[in-house]
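When the letters of the sequence shown are read in order and numbered with this note's numbering, they come out as residues 2 to 402. Where is the CB? At the ideal position from N, CA and C, for every residue including glycine. In this text, all values refer to a predicted model and were calculated from it rather than measured experimentally. Heads up, the thing below is written out as structure tokens.
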Amino acid sequence: MPLRILVTGASIAGNTAALWLGRHGHDVEVVERAPAFRDGGQNIDVRGVGREVLRRMGLEQAALDRGTGELGTAWVDDRGRVAARFVTDATTGDGPTAEMEILRGDLARLLRDAAEPVVRYRFGDRVAAVAEEADGARVRFASGRSASYDAVLVAEGVGSATRDLVFPGGNDPRWMDLTIAYFTIPRVADDDRYWRWYNAPGGRSVSLRPDRHGTARAMLSVRRPPGGEQNWPVERQKAWLRDLFADAGWQAPRVLAGMDDTPDFYLDVLRQVRMTRWSRGRVALIGDAAWCATPLAGIGTTLAVAGGFVAAGELARCGGDVGAGLAAFERAMRPMVEDGQGVPKIGPRLMNPDSRPGIRLLHAALNVAARPAVRGLAARLFSREPRAPDLSVYADPSRPA
Ligand SMILES: Cc1cc2nc3c(=O)[nH]c(=O)nc-3n(C[C@H](O)[C@H](O)[C@H](O)COP(=O)(O)OP(=O)(O)OC[C@H]3O[C@@H](n4cnc5c(N)ncnc54)[C@H](O)[C@@H]3O)c2cc1C
2 MPLRILVTGA SIAGNTAALW LGRHGHDVEV VERAPAFRDG GQNIDVRGVG REVLRRMGLE
62 QAALDRGTGE LGTAWVDDRG RVAARFVTDA TTGDGPTAEM EILRGDLARL LRDAAEPVVR
122 YRFGDRVAAV AEEADGARVR FASGRSASYD AVLVAEGVGS ATRDLVFPGG NDPRWMDLTI
182 AYFTIPRVAD DDRYWRWYNA PGGRSVSLRP DRHGTARAML SVRRPPGGEQ NWPVERQKAW
242 LRDLFADAGW QAPRVLAGMD DTPDFYLDVL RQVRMTRWSR GRVALIGDAA WCATPLAGIG
302 TTLAVAGGFV AAGELARCGG DVGAGLAAFE RAMRPMVEDG QGVPKIGPRL MNPDSRPGIR
362 LLHAALNVAA RPAVRGLAAR LFSREPRAPD LSVYADPSRP A
């Protein structure tokens with residue numbers, strides 16, 4: 002019997018789950034809060050089991066074809082001179098720049114386009130209330146519409162409102178004392194194909210990354226305790242960054258000028274989502290809404306892809322017992338999430354020093370780490386092997402059983 006399934010959030014986790022559930026023949030509706038599909042975002046990478054999911058969906062090559070073409074990472078000083086450089090090939094494709102490096106918007110669109118034939122999308126709406134009833138979860142939307150579903154997958158990202166509605170007080174966030182803003186700016190002739198990372202005193206950094214759209218992806222980050230900045234209106238966030246980075250040096254003036262007209266500003270005060278459980282009744286959290294590990298972990302998109310796939314796989318094989326399927330999903334994903342969230346809080350402090358001597362020390366350490374003799378060790382540090390779920394237990398709907 003096909004299940005009626007609601008997925009909220011049309012990004013990485015939501016589109017992955019919807020695509021796989023739709024291919025299994027379930028009746029899937031995706032509701033996204035934004036008025037239209039969100040294309041924005043920067044370089045994310047998909048590794049290990051995430052790559053395997055894309056392969057099983059027949060999307061791996063398409064994702065590789067849409068790669069950003071980033072060659073590696075270079076730490077630069079205020080005059081743009083390279084202090085340390087990691088080249089992707091030399092670190093077996095798994096350094097700070099991974100081999101499958103794709104823009105978030107490009108990956109989300111790829112998944113959405115693949116899901117569209119088997120899934121219904123609705124934009125500009127969100128969940129206002131959920132009530133558990135004998136034969137389904139009754140959902141009332143902000144638009145006033147109501148419907149019943151056999152299962153609801155909440156894939157709304159780190160700030161999920163439906164999570165806070167269904168699990169009030171359930172999230173015990175771990176703040177990482179780092180705020181990052183991402184946005185697209187015009188490319189200039191001098192931009193190369195490296196991720197250039199510039200540290201400024203005061204725990205600030207400015208970085209620029211290449212893309213395949215003829216633009217450059219800028220990032221401003223600052224290390225400091227959280228102050229609720231994620232909830233400010235965008236104009237206030239931008240004004241705050243303008244003040245903070247006015248004297249930062251290197252390409253800060255260009256990046257700040259580009260920020261004024263950017264089409265896709267996204268700011269995140271980094272925090273991990275910590276939940277003791279991911280489902281209640283017929284409602285389950287997936288992706289960042291359930292377990293955001295933060296970009297510091299370098300595994301968020303891999304977890305979102307794997308989690309969406311496993312949630313869909315368990316619902317497809319639960320024989321109509323949604324509660325059992327969601328419990329199995331949690332058992333399968335917990336170990337990988339625990340490993341993925343194991344980011345030491347010292348990371349932001351080490352990578353964003355306060356003083357000029359601290360920055361010089363960081364550059365010297367990175368320079369040593371980038372040398373061939375220690376590069377293998379550095380690559381192992383950057384790429385951890387989490388305990389991944391066994392994907393072989395999930396049937397492929399495109400193949401006969
Ligand atoms: C526009 C954007 C840009 C990003 N840029 C970067 C980046 O540059 N670098 C990086 O490391 N990570 C970025 N991320 C986060 C990254 O995509 C995630 O950490 C990771 O891929 C996990 O994805 P997810 O699908 O679980 O959550 P997300 O990618 O955060 O997606 C959540 C989706 O749910 C939607 N949503 C939110 N609330 C509701 C609601 N109440 N009802 C319905 N829909 C809702 C959001 O609009 C979004 O489409 C970005 C996310 C977004 C949305």
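Could you compute how far the alpha carbon of residue 178 sits from the alpha carbon of residue 142? Cα to Cα, the separation comes out at about 34 Å.
First through last residue of the beta strand (DSSP E) which encompasses residue 46: Here the beta strand (DSSP E) through residue 46 covers 44-46.
Could you give the DSSP three-state label for residue 369: helix, strand or coil? Residue 369 sits in a helix when the DSSP states are folded into three classes.
Answer yes or no: do residue 14 and residue 308 have a C-beta to C-beta separation smaller than 8 Å? Closer than 8 Å, so yes.
Unbroken alpha helix (DSSP H) runs of length 4 or more, entirely within the stretch 247-296: which are they? Runs of the alpha helix (DSSP H) spanning 4 or more residues and lying entirely within the stretch 247-296 occur at 253-262 and 289-292, in chain order.
When you compare only the Cα positions, how much space is there between residue 26 and residue 3? Cα to Cα, residue 26 sits roughly 6 Å from residue 3.
Report yes or no: do the stretch 203-213 and the stretch 316-334 share at least 3 C-beta pairs separated by less than 8 Å? No: fewer than three Cβ pairs fall under 8 Å.
Alpha-carbon spacing of residue 390 relative to residue 311, whole angstroms: For the pair residue 390 and residue 311, the Cα-to-Cα distance works out to about 8 Å.
Should the stretch 346-355 be regarded as contacting the stretch 172-186, the criterion being three or more beta carbon pairs within less than 8 Å? Counting Cβ pairs under 8 Å, three or more are found: they touch.
Identify the continuous alpha helix (DSSP H) that holds residue 301 and give its terminal residues. Taken as a continuous stretch (DSSP letters only), the alpha helix (DSSP H) holding residue 301 covers 301-317.
Report, in whole angstroms, the separation of the C-beta atoms of residue 292 and residue 274, which I expect to be a contact under 8 Å. Their Cβ separation, rounded to whole angstroms, is 6 Å, which keeps residue 292 and residue 274 in contact under 8 Å.
Is it the case that the Cβ atoms of residue 201 and residue 259 are separated by a distance below 8 Å? No, Cβ-Cβ distance for residue 201 and residue 259 is not below 8 Å.
Taking just the CA atoms, how far does residue 64 sit from residue 57? One C-alpha to the other measures close to 13 Å.
Out of curiosity, what's the CA-to-CA distance linking residue 395 and residue 149? Looking at the two C-alpha atoms, the distance is approximately 26 Å.
Own chain residues within Cβ distance below 7 Å of residue 388, not counting five before or after: Cβ neighbours of residue 388 beyond the five flanking positions: 336, 337 and 340.
Whole angstroms is fine: what's the gap from residue 91's alpha carbon to residue 358's? Any answer about residue 91 is weak, because its pLDDT of 47 lies below 50 and its placement is not dependable; what the coordinates show is given next. C-alpha separation (whole angstroms): 29 Å.
Please classify residue 230: does DSSP put it in a helix, a strand, or coil? In this structure, DSSP gives residue 230 a helical state, which the three-state scheme calls helix.
Residue environment, residue 351, which counts as buried when at least 16 other CB atoms sit within 10 Å: A residue is called buried when at least 16 other Cβ atoms come within 10 angstroms of its Cβ; residue 351 does not meet this threshold and is exposed.
Among 89, 83, 78 and 62, whose alpha-carbon lies nearest the alpha-carbon of residue 72? Cα-wise, what sits closest to residue 72 is 89.
Around the C-beta of residue 369, are 16 or more other C-beta atoms found within 10 angstroms, so that it is buried, or is it exposed? Exposed, by the Cβ-count rule.
To which residues does DSSP link residue 397 through a beta bridge? Answer is none; residue 397 lacks a bridge partner.
Apart from the five residues just before and just after residue 108, which ones in its own chain have a Cβ nearer than 8 Å to its Cβ? Only 13, 45, 47, 64, 67 and 302 meet the Cβ criterion.
Assigned exposure category for residue 221 - 16 Cβ within 10 Å defines buried: By the neighbour-count rule (16 or more Cβ atoms within 10 Å), residue 221 is buried.
Simplified DSSP assignment, three categories, for residue 72: If DSSP states are grouped into helix, strand and coil, residue 72 belongs with coil.
Can you give, in chain order, each stretch of the alpha helix (DSSP H) that sits fully within the stretch 109-193 and has at least 4 residues? Fully enclosed alpha helix (DSSP H) runs of 4 or longer: 162-167.
Considering only their Cβ atoms, is the gap separating residue 265 from residue 158 smaller than 8 Å? Against a cut-off of 8 Å, the Cβ pair of residue 265 and residue 158 comes out as no contact.
Rounded straight-line distance, which links the Cα of residue 314 to that of residue 22: Taken atom to atom, the span from the alpha-carbon of residue 22 to that of residue 314 is near 8 Å.
For residue 183, I'd like the list of residues in its chain whose CB is within less than 6 Å of its CB, leaving aside the five on either flank, ordered along the chain. Within the same chain, residue 183 has close Cβ partners 43, 220 and 267.
May I ask you to check if the CB of residue 67 is nearer than 7 Å to at least one heavy atom of ligand 1? Checking every heavy atom of ligand 1 against the Cβ of residue 67, none is found closer than 7 Å.
At which residues does the beta strand (DSSP E) containing residue 66 begin and terminate? Segment 61-66 is the alpha helix (DSSP H) holding residue 66; no beta strand (DSSP E) there.
Buried or exposed for residue 51, going by 16 or more other Cβ atoms inside 10 Å? By the neighbour-count rule (16 or more Cβ atoms within 10 Å), residue 51 is buried.
Residue 366 burial status per 10 Å Cβ neighbour count (16 or more: buried): Exposed: under 16 other Cβ atoms inside 10 Å.
Could you tell me if residue 11 is buried or exposed, where buried requires 16 or more neighbouring beta carbons within 10 angstroms of its beta carbon? So residue 11 ends up on the buried side.
Residue 31 to residue 76, Cα distance in whole Å? Approximately 41 Å, taken between the alpha carbons.
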